[in-house]
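There are 2 protein chains.
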Amino acid sequence: MKFIPGGICAVEKVQAAGSCEDEYGLAVIVSEDSTASAVFTKNKILGAPVLVSKESLKNGKLSAIVINSGNANSYTGKEGLENAYQMRDKVSEHLNIKGEDVAVASTGIIGRKLPMETISQLIDETIPKLDNTPKKSRDAAEAILTTDTRPKELAVESTLSTGEKFRIGGICKGSGMIAPNMATFLCFITTDVQATPEELGDALKEAVSNTFNMVVVDGDMSTNDTVILMTSGSSGKIDHKFQEALEYLCTGLSKLIARDGEGASKLIEVLVKGGRTNDDARKAAKAIVTSPLVKSAIFGEDPNWGRIASALGGSGSEVDEKTMTITLRSPEKEAAMVDKGDIKAFEGSKELEMAEEIMKSDEIKITIDLFLGDAEATAYGCDLTYDYVRINAEYST
Amino acid sequence: MKFIPGGICAVEKVQAAGSCEDEYGLAVIVSEDSTASAVFTKNKILGAPVLVSKESLKNGKLSAIVINSGNANSYTGKEGLENAYQMRDKVSEHLNIKGEDVAVASTGIIGRKLPMETISQLIDETIPKLDNTPKKSRDAAEAILTTDTRPKELAVESTLSTGEKFRIGGICKGSGMIAPNMATFLCFITTDVQATPEELGDALKEAVSNTFNMVVVDGDMSTNDTVILMTSGSSGKIDHKFQEALEYLCTGLSKLIARDGEGASKLIEVLVKGGRTNDDARKAAKAIVTSPLVKSAIFGEDPNWGRIASALGGSGSEVDEKTMTITLRSPEKEAAMVDKGDIKAFEGSKELEMAEEIMKSDEIKITIDLFLGDAEATAYGCDLTYDYVRINAEYST
């Protein structure tokens, strides 16, 4: 599979637009009369836009999404909910569609009043710019960013078992890379396969669990996390080929998110093989990408396999130090740190020298084989840097 | 209750000593023919000294503990285990006691060979210095530090229900303050009450759960975490007064650990009241002290109650944004950020101004009332600073 240009606008008839003013951004995505499904945060405190979007998605139909950045409109009480409805209604009036066909998403500071005047102006500005061109997907991807440094959009084209071509496009924002991270994660995906809301929902849940949940989204979520998948239904019937392509797209977006984590200087990919169970493999992989000690060692370009082993042992996953192997890789090199309990990278060894070279790369891949079963999982993360602290100490008020 | 000087040597007949050489430190604690119990890490990978100490503690008896810093002797295979036994045997020969009456603990880098020659020399140097004076407790407390910046020792004297006086003394090391933290936590406590190993074990488990587990020790533990409690039995029978004093001592040590977290500039104390269950209150309190977003906001002196609310909502604890209150305190001031869902600290308010003053303090107390039940819990932590990243990027190799 290969990525194609165009982001969400790679899908026929999908229109997008985005505008920014000061610290606020606004994007609108239109895919008329779509079937839709979503995955929302499990945080017990829900942002007002999440409440509104849940209502809109009840009937599995959606025609548009309005998203603002700069203020999460969360923990804002009754007035916040009114503001979220106002965003929804303003867009539905502009587009002459029903209010319940519009979903709303917001990201930014929590617990502060949404500056409704600015948001209204931005909606008025954005709607006339709607169009189905790659530039418009890019504009929307830019408008939804907060502390992200780069817009994130991808698209794929693939073929259903029946031979019919289909496309999937997505834009997202992440950032805030130490779990439990609490930075808002938003993702909007367009496609054209035929599917019921339930079929879409199953496909999306499976993809989120294998991809986004291995980066940022977790039991510990922001109050506003939202992933929406909407389809025009103009291509053939959904099947496993769609699932494959959807996970390919979401994996790509996950890597973009990890690489652009707050202050990140290196992408970390952890593959755990030989886990006793899938859950074990997932826990082990995530424990490594979330360990601040591992993450800061990687920032320091230190091949500290002791911290990796300790994170594995503390992950709750079944591990045996005598059977496991730890290998470090960059796109160019490979070094076996530990081979079934034997330390290969002892001081003065060629392996340690190679590992130190590998750590200079900006893409570090850590492979663990637990040799306890067949389960595999991959997790993505980034290093912990001075800039993470700076960004989060300076953000807000 | 009040603290008294003397650390572990506040208890009669307890002898201690410590020595340092380059990055290595060594401490010996002697309390002959003691009854003893311990709590060890739950990490699946166990440091060699943990294996040896578990064996020594099987019969509930202990006469001495030998501790080294600079190398954790963990993930070091057969040779590591031999080295841990060698440490034990060297001390037992010097003191003319049985090997199984000596416990071993190590902290420092993981996965590297213990420099046995240096450790042996340090043992030879340390044993002749053993004595029951406050200075010796301090020397031992210093010898066990790694990235900690200050030795940590406390002692209390209290009275049993029978009127008999008893004493408890403790030294510890912590550091590495973002959960899952993985920094080794060691604590050694001496006392003189009469107790069976089981009674001591129950008292210790309860105290650890209410104090250390609310700071650093957790399901996600280092490979070497060890807390040992040993008693000479020269005072009266253990009772609830002992439990009270033990928890008072452990709370004091917990605060010292939190305040000296890697790079820490501020102590954070979170009190959650009105939880539906104890577990809920604990989860909520810990979620706040472990949230990197909350911790870096506090470093930035930003009273960001939105991040506190989001961490609460993501903690897994039952919370209701409409009933809860969030209050910030310093030793001098108090500001109500949110009162039963109503934001008091809106922009331009007196409360926000006060909150901004409070954040300049180096002791920040966050009180949450969930108004859902009677359960309470307190957790301790510190802010996330540039220095945390520097220390952990530079440490090792």
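Which chain is which? The protein sequence lines are A and B, in order.
First residue of the first sequence: 1059, per this note's numbering; consecutive thereafter.
First residue of the second sequence: 1059, per this note's numbering; consecutive thereafter.
Cβ atoms here follow ideal geometry from the backbone N, Cα and C, with glycine treated the same way.
The structure presented is a predicted model; accordingly, all values stated were derived computationally and were not measured.
**Request:** Note down, in chain order, each residue of its chain lying with its Cβ closer than 7 Å to the Cβ of Glu1222 (chain A), except the 5 sequence neighbours on either side.
**Result:** Here the set comprises Ser1293 and Gly1294.
Open item on the list: Quick check: what's the CA-CA separation for Phe1098 (chain B) versus Leu1115 (chain B)?
Closed with: 11 Å
(Q) Taking 8 Å as the limit between beta carbons, can you name the residues of its chain near Glu1409 (chain A), skipping five residues before and five after? (A) Ala1393, Ala1394, Met1395, Lys1402 and Ala1403
Close Cβ partners of Lys1194 (chain B) (< 6 Å) along its chain, the five nearest in sequence each way excluded: Cys1067, Ala1074 and Ala1075
Practice item. Look up Leu1304 (chain B) in the DSSP assignment and say whether it is helix, strand or coil. Key: For Leu1304 (chain B), the three-state secondary structure derived from DSSP is helix.
Check your understanding: Would DSSP call Asp1091 (chain B) helix, strand or coil?
Key -> Strand at Asp1091 (chain B).
Apart from the five residues on each side of it in sequence, which residues of its chain come closer than 7 Å, Cβ to Cβ, to Thr1191 (chain A)? Cys1067
Note the first and the last residue of the continuous beta strand (DSSP E) segment covering Leu1329 (chain B).
-> Leu1325 to Gly1333
Q. Helix, strand or coil: how does DSSP classify Val1396 (chain A) here?
A. strand
Range of the contiguous beta strand (DSSP E) that encloses Asn1126 (chain A): Lys1119 to Asn1129
**Message:** I'd like to know whether the C-beta atoms of Met1279 (chain A) and Lys1100 (chain A) end up nearer to each other than 7 Å.
**Reply:** yes
Between the C-alpha atoms of Met1235 (chain A) and Ser1267 (chain A), what's the straight-line distance to the nearest angstrom? Because the pLDDT of Met1235 (chain A) is 48, which lies under 50, any placement of that residue in the model is unreliable, and the question is left without a value.
From A:Gly1291, A:Leu1139 and A:Val1330, pick the residue whose C-alpha is nearest to that of Tyr1438 (chain A); which is it? A:Val1330
Practice item. Reducing DSSP to helix, strand and coil, say where Tyr1082 (chain A) ends up. Key: strand
(request) Determine the contact status of Ile1123 (chain A) and Phe1246 (chain A), defining contact as a CB-CB distance below 7 Å. (result) Contact annotation: Ile1123 (chain A) and Phe1246 (chain A) have beta-carbon atoms nearer than 7 Å.
| said: Cutting at 7 Å between CB atoms, please list the residues of its own chain near Ala1433 (chain B), excluding the five before and the five after it. | reply: Gly1333, Arg1334, Thr1335, Asn1336, Asp1338 and Ala1339
query: Quick one: does Met1279 (chain B) have its CB under 7 Å from some CB of chain A?
result: yes
>> Any C-beta of chain B within less than 7 Å: which residues of the region 1100-1112 of chain A qualify?
In response: Asn1101, Lys1102 and Ile1103
Does any CB atom of chain B fall closer than 7 Å to the CB of Val1072 (chain A)?
Nearest CB-CB separation between Val1072 (chain A) and chain B: not below the 7 Å threshold.
Just tell me which of B:Ile1296, B:Glu1302, B:Leu1258 and B:Ala1303 has its CA closest to the CA of Val1285 (chain B). Minimum Cα distance to Val1285 (chain B) is reached at B:Leu1258.
Beta-carbon gap between Thr1204 (chain A) and Gly1232 (chain A) smaller than 7 Å | In this structure, Gly1232 (chain A) does not lie closer than 7 Å to Thr1204 (chain A) by Cβ.
Alpha carbon to alpha carbon, how far is Ala1342 (chain A) from Gly1372 (chain A)? So the two alpha carbons sit approximately 9 Å from each other.
Task: Three-state secondary structure assigned by DSSP to Glu1415 (chain A) - done: Helix at Glu1415 (chain A).
Next on the checklist: Closer than 9 Å between beta carbons: that is the criterion. Which residues of the region 1113-1140 of chain B meet it against chain E?
Outcome noted: The structure shown contains no chain E; its protein chains are A and B.
Inset, instruction - For Leu1244 (chain A), I'd like the list of residues in its chain whose CB is within less than 8 Å of its CB, leaving aside the five on either flank, ordered along the chain. - result: Ile1125, Ala1163, Thr1165, Ile1202, Cys1230, Lys1231, Asn1282, Asp1283, Thr1284 and Val1285
Subject >> Opening and closing residue of the beta strand (DSSP E) in which Ser1216 (chain B) lies >> reply: Lys1210 to Thr1217
Does the distance from the C-beta atom of Asp1441 (chain B) to that of Ser1323 (chain B) stay below 7 Å? yes
message = Let me confirm a value: Arg1170 (chain A) is counted as buried when at least 16 other C-beta atoms fall within 10 Å, else exposed. Which label applies?
response = buried
CB-CB length for Leu1172 (chain A) against Asn1131 (chain A), believed under 8 Å: That pair is a contact at about 4 Å.
Using the three-state DSSP reduction, which class does Val1285 (chain B) fall into: helix, strand or coil? strand
Query raised in the report: At what residues does the beta strand (DSSP E) containing Ile1032 (chain A) begin and finish?
Result: Outside the shown range of chain A, which is 1059 to 1455, sits residue 1032 (chain A), and nothing can be said about it.
Along chain B, which residues have their Cβ under 7 Å away from the Cβ of Glu1175 (chain A)?
Per Cβ cutoff of 7 Å: no residues; Glu1175 (chain A) is ~15 Å from chain B at best.
Practice task
Using three-state DSSP, classify Lys1344 (chain B) as helix, strand or coil.
Solution key: In this structure, Lys1344 (chain B) counts as helix in the three-state DSSP scheme.
Between the alpha carbons of Gly1157 (chain A) and Val1088 (chain A), how many angstroms are there, rounded? 13 Å
*Whole-angstrom distance between Ile1168 (chain A) and Ser1368 (chain B), CA atom to CA atom*: 8 Å
Check your understanding: By the criterion of Cβ-Cβ separation under 8 Å, what are the contact partners of Arg1170 (chain A) in chain B?
Key -> Gly1364 and Glu1405
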